[in-house]
Amino acid sequence: MNGHRRCSTTDCIAYQHADRSPDPMVAFALTAAPGALWGARRCRSRRKGPPPLRRWRCNLRQRRAPIGRRPWNAPPSSTGRLLSHTLLFTATLLTVLFGPAPPPALAIDTPDALTAEFARTVGAKTTKKSILSENTLLRRYVVTDAEAVLRWALPVPSDSPLRIVQRDLEEAGLELQTRGVLRSGLRAALRHIEHAVRTVQQHRLDILAESGGLSHPTQATEYLRTTETELEQLLMEMSRWRARLPRWPLGPNAAATSSTVSNTQRAVAEHFRQQALDAVSRLEEMSIRGVPFRIPRKYDAYPRLRGRATVELTLEKSSGTTTAFVDDTTGRSLGGQQMVTAVLDGWSAPLTAGHFVDLVQRRHFDGMPVATAERGLFVLFADARASASSSAAAIRRLPLEILLDGESAPLYGESLDMVGVGGEQPVLPIAPFGSLAMAHSEDDVNDAADAFFAFTLDSRSVAATNRSGNVFTGTYAAFGYVIDEHAASFFRQLQPGDRIRSVRLVRGREHWYPDAEAEARALGMRAAPSATPRSMAADANRPSVP
């Protein structure tokens with residue numbers, strides 16, 4: 001071994017590994033490190049120079065000396081140990097950075113892989129999840145708020161500046177709800193608001209371009225100006241709120257002062273936050289180009305809603321029960337008729353929402369009674385006496401339509417349990433108060449006609465906040481939500497025998513199309529050859545959609 005008379009066990013092993021090592025950097029570390037381990041304790045060099053230089057020369061001379069002159073049990077010094085560790089660390093780092101790539105990992109079928117495969121079969125390109133699939137506190141806040149669910153259901157990229165601003169506003173509201181009136185909650189909420197303001201200022205041109213600033217410059221500019229104004233007002237109000245709070249809430253009147261200031265300022269700040277969220281939601285909806293997915297060809301004869309629509313439902317108390325609605329707070333009579341507003345989501349459920357709008361325009365729901373009212377669960381609107389009438393026979397049968405979170409196209413004709421994805425989250429959950437869903441029989445999920453549910457789950461109940469959903473999740477598909485702030489009081493007072501006096505379409509008529517051919521003409525899509533349009537009566541004769 002390079003003229004050495006004999007070698008110690010450690011050196012022989014090191015040199016043998018160095019000869020066999022395929023990596024020259026590892027071989028260098030193995031050959032250099034053992035020599036350094038002997039240290040400079042036996043070196044009594046009398047050379048002149050500073051101690052570091054003498055120590056280095058001693059180590060170098062000992063390393064060059066015949067190995068047989070070094071005792072095998074010589075204790076290592078601190079200098080030798082440091083040098084050996086440095087060499088080993090350097091060699092390892094160089095191997096990691098510039099060495100050969102590790103072998104590829106084995107592909108194992110996991111639930112995420114199965115979900116991705118299912119998404120590929122329905123036409124999805126990615127399986128990026130949204131806040132609805134995250135097990136966080138923000139999800140619990142979003143899933144019970146109908147307006148928040150509608151905002152997150154918009155098909156907008158997660159890295160869009162508008163989506164970032166929306167999330168900051170949502171998290172600011174969450175901080176105020178969870179941390180209460182403490183300064184820590186205000187401080188965290190202020191950070192989110194400041195970040196939202198900076199995002200709008202830095203990406204103003206990008207927001208205008210995404211929101212159709214070239215095609216609709218007036219509307220996009222107006223909504224953006226509203227967003228900036230409301231954000232500035234919100235930031236100013238929350239800063240004023242924080243300044244008015246006592247710095248050291250330890251006195252006897254500190255809690256009362258904090259509560260008074262918070263109750264006064266919270267309503268004002270929440271008003272500005274909601275106004276900013278509404279403007280951001282309008283900009284997000286304007287930024288959507290075309291349609292997010294194609295509806296299967298076998299449903300070409302069905303009406304569809306490609307966007308959002310707003311309807312007004314007038315509820316009426318019948319003479320057989322209590323003849324008037326009552327204010328829950330004051331007990332004052334509100335009259336026998338009350339109007340509530342609902343938003344139908346055609347981005348996530350185009351067939352179901354389009355079917356509902358079609359019946360609204362034909363005034364089919366006018367006079368429909370309340371069939372069942374289960375307090376804390378749902379209100380079912382259905383007319384059993386009209387099941388055999390000619391108008392009921394002319395209603396087509398609607399397939400079950402559920403869009404899962406992370407998918408780019410809905411699942412048609414099957415429940416989530418039927419396809420084995422019962423744990424996945426739908427984009428439109430049946431958790432917020434006032435969730436609207438079409439009713440179908442227990443035996444066939446594809447025989448929905450005109451009866452529909454209005455779910456009245458308590459936002460604090462386990463059925464509403466549970467991540468795995470409730471007994472209705474995956475079996476019934478939501479297509480819209482009642483967003484009126486007083487709707488909860490009115491729906492709780494409905495009883496069998498009460499009825500819907502009328503339902504009117506007030507917004508979104510331009511997003512409704514009677515069939516696929518009309519949609520293709522309006523949106524400029526290539527119309528696929530569709531089957532001969534069937535009459536509505538012919539559709540009613542079939543228990544499910546072919």
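In UniProt numbering, the protein residues as written are 1 to 546.
Every residue gets a Cβ at the ideal spot worked out from N, C-alpha and C, and that includes glycine.
Quantities reported herein were computed from a predicted structural model and do not represent experimental measurements.
* To do: Measure the Cβ-Cβ separation of E230 and V503 and say whether it is below 9 Å.
  => no
* Roughly how many angstroms lie between the CA atoms of D328 and Y141, to the nearest whole one? -> 24 Å
* Quick one, which of P155, R151, G480 has its alpha-carbon nearest Q166's? -> R151
* To do: Taking the CB atoms as reference points, tell me whether L162 and L138 lie closer together than 9 Å.
  => no
* Asked: What residues in its chain sit with their C-beta under 6 Å from that of D498, if we drop five residues either side in the sequence?
  -> K317, S318, V370
* Counting only runs of 4+ residues fully inside the stretch 493-532, write out the alpha helix (DSSP H) ranges in chain order. => Counting whole runs of 4 or more residues, the stretch 493-532 contains the alpha helix (DSSP H) stretches 516-523.
* **DSSP three-state assignment for M368, whether helix, strand or coil** => coil
* Which residues in the same chain as P429 place their Cβ atom closer than 6 Å to its Cβ, once the five residues preceding and following it in sequence are excluded? -> V143
* To do: Assuming A454 contacts A448 (C-beta within less than 8 Å), just tell me the rounded distance between them.
  => Rounded, the Cβ-Cβ distance is 15 Å, inconsistent with contact.
* Asked: Going by the CB atoms, is the gap between T372 and P514 shorter than 9 Å?
  -> Between P514 and T372, the gap from beta carbon to beta carbon reaches 9 Å or more.
* Cα-Cα separation, R507 to A309 -> 5 Å
* **Alpha-carbon to alpha-carbon, S287 and I207** => 9 Å
* To do: Report the three-state DSSP secondary structure of E134 (helix, strand or coil).
  => coil
* **7 Å CB neighbourhood of L334 in its chain, flanking five on each side removed** => Correct list, in chain order: A324, F325, V326, D327.
* Let me know the secondary structure DSSP gives R244 once reduced to three states. => helix
* To do: Compute the beta-carbon to beta-carbon distance between E424 and L416, rounded to the nearest angstrom, for a pair I have assumed lies under 8 Å.
  => Rounded to whole angstroms, the Cβ separation of E424 and L416 is 6 Å, and the two are in contact under 8 Å.
* Determine the DSSP secondary structure at P217, reduced to helix, strand or coil. => DSSP places P217 in helix when its eight states are reduced to three.
* Asked: Taking DSSP as the reference, what is the three-state secondary structure of F491?
  -> In the three-state reduction of the DSSP assignment, F491 falls in the helix class, which pools H, G and I.
* Just how far apart, CA to CA, sit S530 and E519? -> Confidence is the limiting factor: at S530 the pLDDT is only 39, short of 50, which leaves the residue's position unreliable, though a coordinate-based value still follows. Rounded to the nearest angstrom, the two C-alpha atoms are 13 Å apart.
* CB-CB length for H511 against R306, believed under 8 Å -> Distance from H511 to R306 at the Cβ level is roughly 5 Å; contact confirmed, criterion being Cβ atoms closer than 8 Å.
* Asked: In terms of alpha-carbon separation, which member of I131, Y223, E228 lies closest to E194?
  -> Measuring from the Cα of E194, the nearest candidate turns out to be E228.
* **M339, DSSP secondary structure in three states** => strand
* To do: Rounded to whole angstroms, what's the CA-CA distance from D443 to E414? Just pull it up for me.
  => 12 Å
* By the 10 Å Cβ neighbour count, where 16 or more other Cβ atoms means buried, how is G524 classified, buried or exposed? -> exposed
* To do: Give me the Cα-Cα distance between I483 and R332, rounded to the nearest whole angstrom.
  => 23 Å
* **Range of the contiguous beta strand (DSSP E) that encloses L315** => 308-316
* To do: Report buried or exposed for M368, applying the criterion of at least 16 other Cβ atoms within 10 angstroms of its Cβ.
  => buried
* Cβ neighbour criterion (16 or more within 10 Å) applied to A82 -> For the sequence presented, residue 82 should be read as Leu rather than Ala. Exposed, since its Cβ has fewer than 16 Cβ neighbours within 10 Å.
* Asked: Under the rule that 16 or more other beta-carbon atoms within 10 Å means buried, what is S211, buried or exposed?
  -> buried
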